[in-house]
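Numbering (my numbering), first residue to last: -16 to 328. Ideal placement from N, C-alpha and C gives every residue a C-beta, glycine not left out. In this text, all values refer to a predicted model and were calculated from it rather than measured experimentally.
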Amino acid sequence: MIQWQSLHNWVGVVNDGGIVLAFGLGTWVFTWILARSVYQWGGGAMRSVVRPVSWVVVILVMRYAMAGVPTLAGYTDRLTPVVMVIVNFGVAIAVYRLLQWGYPVAIRRANQFQNVQMATYLINTGYRLARIGVFIWVAIYGLHAFGYNVTSILAGLGLGGFAVALAAKDTFSNMFGSVNIVIDQPFSVGDYVVVDTTEGVVEHLGIRSTRIRTLDDSLVTLPNATVTNTKIDNRGKRNHRRVKQSLGLTYSTSCDHLQAFIEELRAYLATLPAVRPEHTHVRFHAFGASSLDIYVSYFLTVGSWADELHWREVINYEIMAIAQRVGVSFAFPSRSVYLETIPAT
-16 MIQWQSLHNW
-6 VGVVNDGGIV
4 LAFGLGTWVF
14 TWILARSVYQ
24 WGGGAMRSVV
34 RPVSWVVVIL
44 VMRYAMAGVP
54 TLAGYTDRLT
64 PVVMVIVNFG
74 VAIAVYRLLQ
84 WGYPVAIRRA
94 NQFQNVQMAT
104 YLINTGYRLA
114 RIGVFIWVAI
124 YGLHAFGYNV
134 TSILAGLGLG
144 GFAVALAAKD
154 TFSNMFGSVN
164 IVIDQPFSVG
174 DYVVVDTTEG
184 VVEHLGIRST
194 RIRTLDDSLV
204 TLPNATVTNT
214 KIDNRGKRNH
224 RRVKQSLGLT
234 YSTSCDHLQA
244 FIEELRAYLA
254 TLPAVRPEHT
264 HVRFHAFGAS
274 SLDIYVSYFL
284 TVGSWADELH
294 WREVINYEIM
304 AIAQRVGVSF
314 AFPSRSVYLE
324 TIPAT
């Protein structure tokens, strides 16, 4: 009689378990159809979260179906922590996927703000902190679901957190340095800067460091704390670029040829659209050791290093052409040697 009663109980458990599984299977079929509809007609945000949310719904339905079946009610309390951890993990995956979907959307919309650099920095920082927060949330909730006292654990980590804070002093300095860079805006991504002994184009501004691409194509990484405490020469913010050079003509050049060369060069620079005429100077400057020195100074209205090189090359070619037309020659360092004949005694 006892064996028959035990067998009867197990048959009831299996039968009720089949009912719970049927509820779960039916819910899964329903959520699968719903997911297919969302993938076909829904937006990107819904598509990113529909699958983990579907599994959360299935688990919850099965859990509450078990609670309503008398023969399985005793197992419900034992499985509750596991079920809640799985549900919490599914919700975390949904939030994480939603963040992954929303991040590129927010980056594209950052271009609509007046301060694009600050908007992009805040979006990047918020995205990283949110991802870290999701993982911390899963860990804390999992500990809490299995009966651990999360408050005492966090309190015990207080002293350890103080030690970690001391060890991470430089990291926090770099983080605050990045905030200062974004607020003060001494440079932007794409600017040509000189920071301490590093010279190049800013490629990336991160939470911890700034990356600069030098002219020889090296990638230099500077801590943001160092950047904020160093003199920054932002050459990318220049409205104009000054070119200064000295031209030396030979001492055999006549005064008329010298004046003609200077006048023609001055007139040529005044015709160039990239040169500011009010700040152009071409003057006979000094008598050098081996040349007649002409001081040339002008400002180029260009926005990049490549444009500056282009216009300097164009102007230098024309300087050579003017010298050939006028009939003057450029001097080079030379030394005259005089031989004196000493009469025999």
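* Look at the alpha carbon of Asn(-8) and the alpha carbon of Ile76, and state the distance between them as a whole number of angstroms. => Note on Asn(-8): pLDDT 48, under 50, position unreliable in the model; the coordinate value appears next. CA-CA distance, Asn(-8) to Ile76, rounds to 39 Å.
In its own chain, which residues sit with a C-beta less than 7 Å from the C-beta of Asn163, not counting the 5 before and 5 after it? Thr211
Could you give the C-beta distance for Asn184 and Gly173, rounded to a whole number, given that I count them as a contact under 8 Å?
According to the sequence provided, residue 184 is Val. The question's Asn does not apply to it. Confirmed, Cβ separation roughly 7 Å.
Coarse secondary structure for Ser287, derived from DSSP in three states: coil
Q.
Quick check on Gly125: does DSSP put it in helix, strand or coil?
A. The answer is helix: DSSP assigns Gly125 an H, G or I state.
ask   = From Pro316, Glu291, Val297 and Arg295, pick the residue whose C-alpha is nearest to that of Gly271; which is it?
value = Pro316
Tell me, please, whether the segment 177 to 195 touches the segment 227 to 238 by the rule of three or more beta-carbon pairs shorter than 8 Å.
-> no
Practice problem: Return the chain-ordered list of same chain residues with a C-beta closer than 7 Å to the C-beta of Pro326, the five sequence neighbours on each side being excluded. | Solution: none
Would you report the Cα separation of Phe313 and Ile106, rounded to the nearest angstrom? 58 Å
> If we ignore side chains and look at the alpha-carbon of each, how far apart do Arg266 and Asp239 end up?
Replying inline: 14 Å
Through-space distance from Leu248 to Val177, alpha-carbon basis
33 Å
Please give me, in chain order, every unbroken run of the alpha helix (DSSP H) with length at least 4 that falls completely inside the segment 227 to 307. 238 to 254
Cα-Cα separation between Ile190 and Leu82, rounded to whole angstroms
19 Å
Considering Cα atoms alone, identify which of Ser274, Tyr234 and Tyr251 is closest to Ala304. The residue with the shortest Cα to Cα distance from Ala304 is Tyr251.
Under three-state DSSP, which class holds Tyr86? Secondary structure at Tyr86: helix, using DSSP grouped into helix, strand and coil.
Secondary structure at Arg191, three-state DSSP: helix, strand or coil?
coil
Worksheet item: Hey, Phe159 and Arg224 are a contact pair by Cβ (cut 8 Å); roughly how many whole angstroms apart?
Response: About 34 Å; that fails the 8 Å criterion.
Expressed to the nearest angstrom, what Euclidean distance is found between the alpha-carbon atoms of Leu292 and Trp120? 55 Å
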